[in-house]
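Enquirer: For the sequence shown, counting from 1, position 26 maps to 495 in my numbering; every step adds exactly one. The beta carbon of each residue, even a glycine, is placed where N, CA and C say it ideally should be. Computed from a predicted structure; not experimentally measured. Just dropping this structure here.
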Amino acid sequence: MHDPRGDTKTLESYIADRNAAFRLSYTPPGSSEGNMLYETVFPIVIKPFEGDWYDASNIYRQWALPNADWTKKGRLADRTNIPQWTYNLTTWFMDPLPSTGTLSEMKQITERLGLGKDYIGVHLYNWDLLGRE
Numbered sequence: 470m471h472d473p474r475g476d477t478k479t480l481e482s483y484i485a486d487r488n489a490a491f492r493l494s495y496t497p498p499g500s501s502e503g504n505m506l507y508e509t510v511f512p513i514v515i516k517p518f519e520g521d522w523y524d525a526s527n528i529y530r531q532w533a534l535p536n537a538d539w540t541k542k543g544r545l546a547d548r549t550n551i552p553q554w555t556y557n558l559t560t561w562f563m564d565p566l567p568s569t570g571t572l573s574e575m576k577q578i579t580e581r582l583g584l585g586k587d588y589i590g591v592h593l594y595n596w597d598l599l600g601r602e
């Protein structure tokens, strides 16, 4: 999807024996508010290719670099407005909410490895189910 804002999307493919399926879903802004009609303002492009995920990412990169909002400020290596802590991150945690003690486990692991606050990142899944966007 050539979405310059980077809204939430899900792309899935399934292959079994001689059958295959592809599913694409898009969550437009404001969709949590309920019954609404929405028409995408960007093209959906499907391009067959041979290769793996890395080859696919390079195809997408050709579009994203000149068009996506998050790439228009230039390469991260060339920018001066990136916080220093982003270069120090060595460990990522992923936590699906609602959590059942996972945050305390992250703290224990962080302490055991001797990681400071500038060395960890946390990716929270399902945060939007808590009534916030």
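1) To the nearest angstrom, report how far apart H592 and A485 are at their CA atoms.
2) Quick one: grab the DSSP three-state call for A546.
3) Excluding the 5 residues preceding and the 5 following Y483 in the sequence, name in chain order all residues of the same chain whose CB lies nearer than 7 Å to its CB.
4) Looking at the unbroken beta strand (DSSP E) that takes in S573, where does it start and where does it end?
5) Which class does N504 belong to by DSSP, given the choice of helix, strand or coil?
6) Leaving out five residues before and five after L493 in sequence, what residues of the same chain have Cβ atoms less than 6 Å from its Cβ?
7) Counting only the same chain and skipping the five closest in sequence on each side, list residues whose C-beta sits under 6 Å from that of F562.
8) Which residues bound the alpha helix (DSSP H) around A525?
9) Pull up the CB-CB distance for D476 and Y507, whole angstroms please, since I reckon it's below 8 Å.
10) Would you mind sorting I551 into buried or exposed? The rule is 16 or more other CB atoms within 10 Å of its CB.
Expert: The short version:
1) As a first step, residue 592 must be located in the sequence shown, where it is residue number 123. As a first step, residue 485 must be located in the sequence shown, where it is residue number 16. In a straight line, the C-alpha of H592 is about 32 Å away from that of A485.
2) Residue 546 sits at position 77 when you count from the first residue of the sequence shown. In the structure shown, A546 falls within a helical segment according to DSSP collapsed to helix, strand and coil.
3) On the sequence shown, residue 483 is found 14 positions in, with the first residue counted as 1. If we look at Y483 and ignore the five residues flanking it on each side, its Cβ neighbours are A489, A490.
4) Here residue 573 is taken as the residue at index 104 of the sequence shown, counted from 1. Segment 571 to 582 is the alpha helix (DSSP H) holding S573; no beta strand (DSSP E) there.
5) In the sequence shown, counting from the first residue as 1, residue 504 sits at position 35. In the structure shown, N504 sits in coil (DSSP, three-state: anything other than H, G, I, E or B).
6) Your numbering for residue 493 matches position 24 in the sequence shown. Around L493: L480.
7) Counting from 1 along the sequence shown, the entry for residue 562 is found at position 93. Result list for F562: M575, V591, in chain order.
8) Residue 525 sits at position 56 when you count from the first residue of the sequence shown. 522 to 536 is the span of the alpha helix (DSSP H), which, as asked, contains A525.
9) Mapped onto the sequence shown, residue 476 falls at position 7. Mapped onto the sequence shown, residue 507 falls at position 38. Contact flag wrong, Cβ pair sits at about 10 Å.
10) Taking the first residue of the sequence shown as 1, we reach residue 551 at position 82. Answer is exposed; the Cβ neighbour count stays below 16.
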